[in-house]
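Notes follow once the structure below has been shown.
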DNA sequence: CCACTGTTTCCCACATTTCCCCACGCGGCC
DNA sequence: GGCCGCGTGGGGAAATGTGGGAAACAGTGG
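Protein chains in written order, with the numbering used here: chain A, 9 to 151; chain B, 9 to 151.
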C-alpha cells in the first residue's frame with residue numbers, strides 16, 4: 009500500500025498544471041490518479057488503487073440509500089481521472105481550482121493513502137485550531 | 009468495466025445533437041449506448057454492456073411483481089438505442105429533451121457505470137442540498 | 001403508386017483547447 | 001566541479017467541441 013507523507017509548496021502555472029512531488033510519483037504503483045472534491049476546503053487525489061474501494065462504497069451507498077443519489081452525483085461530477093505528464097504534472101480543471109480557492113500556489117499534502125491539495129493560507133487557518141478533545145484523543149496513539 | 013467521472017457543459021445544437029466528452033467515448037468499449045429516462049430530473053445514458061444487467065432486472069421485476077408492468081413499460085417506451093456519429097455526438101429525441109428540461113445547454117455527468125444528462129441549473133439545485141445524514145455517512149467513505 | 005415534406009445521417013470545415021515534447025535553471029550529491 | 005534529479009516554463013501539433021450543407025430516409029397525403 010502506498011503511504012504519502014510530507015507537504016510541498018508548489019507552483020500552479022498559467023495552464024493550471026501542478027507538479028506532484030517526486031516522492032509521491034514514486035509512491036504510487038500506477039501513474040493514474042483520481043482528483044475529486046470530497047471536502048469543501050480542499051481537493052483530494054487518490055491513486056487509482058485507493059480509489060477502487062471508494063468507488064465500490066459509493067455504489068453501495070447509492071443502492072442502499074436512494075436519498076444519496078444526488079450526493080454521489082455531486083462527487084462523481086467533480087471527480088476527474090488524471091494522468092501525470094512526462095514531467096509528473098497533473099492538470100487541475102478550472103472548476104476545481106476555483107472550488108478549492110487555488111491561485112498561483114498550492115500545498116500538496118501527503119495524507120497516508122491519499123494526497124490533499126490545499127490553498128496554503130487556508131491550510132494554515134484550518135489546521136491551526138485543533139479541537140481540544142480530538143487532540144487529547146490523538147495523543148494516546150503516540151503513547 | 010467502464011467508469012465515468014467528471015462533468016462537462018456541452019452545447020445542444022439546433023438539431024438536438026449533444027457531443028459526448030471524448031473521455032466518455034473512450035471509456036466505453038463499444039460505441040453503442042442506451043438513452044433512457046429512469047429518473048424524473050435527468051436522462052441516463054448506459055453503455056451497452058452496463059445496460060444488459062439492467063434489462064435483466066427489469067424482466068425479473070416484471071415477473072415477480074405484475075403491478076410493475078406498467079412502470080417497466082414506461083421505461084422501455086422512453087428508452088432509445090443510440091450510436092454516436094463520427095464526431096461523437098448523439099441525437100436526443102425531442103420527447104426526452106423536453107422531459108429533462110433541456111434547452112441550449114446540457115451538463116454531461118459521469119456517474120460511475122453510467123452517464124447522466126442534466127439541465128445545468130437543475131443540477132445545481134438538486135445537488136446543492138445534501139441531506140445531513142447522507143453527508144455524514146458519506147464522509148466515512150473517504151476517511 | 002408517386003410526389004412531397006420533414007427528419008435523420010453522413011460528411012466537411014473551423015476555432016479553440018488540450019496534450020506532448022523540448023529546454024532552462026536551481027540545488028544536492030557524488 | 002560536473003552530473004543528475006527536480007520543479008518550472010513555453011511552443012507546436014494533434015484532438016476536441018461546434019456549426020452547417022447535402023444526401024439518404026421515412027412517413028403522409030394525394
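All residues carry an ideal CB built from backbone N, CA and C; glycine is no exception.
Task: Nearest-angstrom beta carbon gap, residue 92 of chain B and residue 113 of chain B [assumed within contact, 8 Å] - done: Looking up residue 113 of chain B in the second chain gives position 105. Looking up residue 92 of chain B in the second chain gives position 84. Their Cβ separation, rounded to whole angstroms, is 19 Å, which puts residue 113 of chain B and residue 92 of chain B out of contact at 8 Å.
Task: Option nearest residue 74 of chain A by Cα separation, candidates B:150, B:145 and B:151 - done: Position 66 of the first chain, counted from the first residue, corresponds to residue 74 of chain A. Closest option to residue 74 of chain A, Cα to Cα, is B:145.
- [ ] Flag residue 79 of chain A as yes if its beta-carbon sits less than 8 Å from any beta-carbon of chain B, otherwise no.
- [x] As a position in the first chain, residue 79 of chain A is number 71, starting the count at 1. It does: the Cβ of residue 79 of chain A has a partner Cβ on chain B nearer than 8 Å.
Task: Contact list for the segment 55-71 of chain A against chain B, Cβ threshold 7 Å - done: 62, 63, 65, 66, 67 and 69
TODO: Please compile the residues from chain A whose C-beta is within a distance smaller than 8 Å of the C-beta of residue 124 of chain B.
DONE: Looking up residue 124 of chain B in the second chain gives position 116. Per Cβ cutoff of 8 Å: 81.
Task: Length of the line joining the Cα atoms of residue 50 of chain A and residue 10 of chain B - done: For this step, residue 50 of chain A is matched to residue 42 along the first chain. For this step, residue 10 of chain B is matched to residue 2 along the second chain. Between residue 50 of chain A and residue 10 of chain B, the C-alpha separation is close to 27 Å.
TODO: Run the CB neighbour count on residue 15 of chain B, radius 10 Å, all protein chains shown included, and call it buried at 16 or more, exposed below.
DONE: Taking the first residue of the second chain as 1, we reach residue 15 of chain B at position 7. With 16 or more other Cβ atoms within 10 Å, it is buried.
Open item on the list: Please classify residue 110 of chain A as buried or exposed, where buried requires at least 16 other C-beta atoms within 10 Å of its C-beta.
Closed with: Position 102 of the first chain holds residue 110 of chain A. Answer is buried; the Cβ neighbour count reaches 16.
Open item on the list: Quick check: is the beta carbon of residue 14 of chain B nearer than 8 Å to any beta carbon in chain A?
Closed with: In the second chain, the residue the question calls residue 14 of chain B occupies position 6. Residue 14 of chain B counts as touching chain A.
Open item on the list: Would residue 51 of chain B pass as an interface residue toward chain A - the criterion being a Cβ-Cβ separation below 8 Å?
Closed with: As a first step, residue 51 of chain B must be located in the second chain, where it is residue number 43. It does not; no Cβ of chain A falls within 8 Å.
Task: Contact under 8 Å by Cβ, residue 27 of chain B with residue 95 of chain B - done: Locating residue 27 of chain B in the second chain gives position 19, where the first residue counts as 1. Locating residue 95 of chain B in the second chain gives position 87, where the first residue counts as 1. Yes.
TODO: Quick one: list the residues of chain A neighbouring residue 4 of chain B, beta-carbon separation under 7 Å, in chain order.
DONE: Outside the modelled stretch of chain B, which goes from 9 to 151, sits residue 4 of chain B, for which no answer is possible.
TODO: Put residue 11 of chain B into one of helix, strand or coil per three-state DSSP.
DONE: Reading the second chain from its first residue, position 3 is the one you call residue 11 of chain B. If DSSP states are grouped into helix, strand and coil, residue 11 of chain B belongs with coil.
Open item on the list: Taking beta-carbon pairs under 9 Å, can you tell me which members of the segment 80-109 of chain A lie near chain B?
Closed with: 80, 81, 82, 83, 84, 85, 86, 87, 88, 89, 101 and 103
Open item on the list: Can you tell me where the alpha helix (DSSP H) holding residue 143 of chain A begins and where it ends?
Closed with: One-based indexing of the first chain puts residue 143 of chain A at position 135. That run of the alpha helix (DSSP H) goes 140-149.
Task: Buried or exposed by the 16-neighbour rule on C-beta atoms within 10 Å, applied to residue 149 of chain A - done: The sequence position of residue 149 of chain A within the first chain is 141, counting from 1. Counting Cβ neighbours within 10 Å, residue 149 of chain A comes out exposed, since fewer than 16 surround it.
Task: Same chain, Cβ closer than 7 Å to residue 38 of chain A, five either side skipped, listed in chain order - done: Taking the first residue of the first chain as 1, we reach residue 38 of chain A at position 30. 55, 56 and 57, listed in sequence order.
TODO: Take every Cβ of the segment 115-128 of chain A, pair it with every Cβ of the segment 72-86 of chain A, and state whether three or more of those distances are shorter than 8 Å.
DONE: no
Task: Amino acids of chain B, ordered along the chain, whose beta-carbon sits closer than 9 Å to that of residue 46 of chain A - done: In the first chain, counting from the first residue as 1, residue 46 of chain A sits at position 38. Result: 146, 147, 149 and 150.
TODO: Specify the secondary structure class of residue 110 of chain A as computed by DSSP and reduced to three states.
DONE: Within the first chain, residue 110 of chain A is the residue found at index 102, counting from 1. Residue 110 of chain A falls in the coil class under three-state DSSP.
Task: Within-8 Å CB hit, residue 42 of chain A to chain B - done: As a first step, residue 42 of chain A is located in the first chain; it is residue number 34 there, counting from the start. Chain B, which has a Cβ nearer than 8 Å to the Cβ of residue 42 of chain A, makes this yes.
- [ ] Compare the C-beta of residue 11 of chain B against all C-beta atoms of chain A and say whether one is closer than 8 Å.
- [x] Mapped onto the second chain, residue 11 of chain B falls at position 3. Chain A, which has a Cβ nearer than 8 Å to the Cβ of residue 11 of chain B, makes this yes.
TODO: Taking residue 60 of chain A as the reference, give the member of B:24, B:120, B:100 and B:20 with the closest Cα.
DONE: Within the first chain, numbered from 1, the residue matching residue 60 of chain A stands at position 52. Cα-wise, what sits closest to residue 60 of chain A is B:120.
Open item on the list: So that I know if they touch, is there some Cβ in chain A lying closer than 8 Å to that of residue 33 of chain B?
Closed with: Here residue 33 of chain B refers to the residue found at position 25 when the second chain is read from its first residue. Answer no: the Cβ-Cβ gap between residue 33 of chain B and chain A never drops below 8 Å.
Task: Counterpart residues of residue 118 of chain A in DSSP-defined beta bridges - done: The residue labelled residue 118 of chain A in the question sits at position 110 within the first chain. Partner(s): A:123.
Open item on the list: Runs of 4 residues minimum, wholly inside the segment 24-51 of chain B: which ones carry the alpha helix (DSSP H) assignment?
Closed with: 30-35
Task: Cutoff 8 Å: residue 118 of chain B Cβ touching any chain A Cβ - done: Numbered from 1 along the second chain, position 110 holds the residue referred to as residue 118 of chain B. By this cut-off, residue 118 of chain B is an interface position.
- [ ] Please list the partners that residue 134 of chain B has in chain A, where partner means a Cβ-to-Cβ separation under 7 Å.
- [x] Indexing the second chain from 1 puts residue 134 of chain B at position 126. Those are 78, listed as they occur along chain A.
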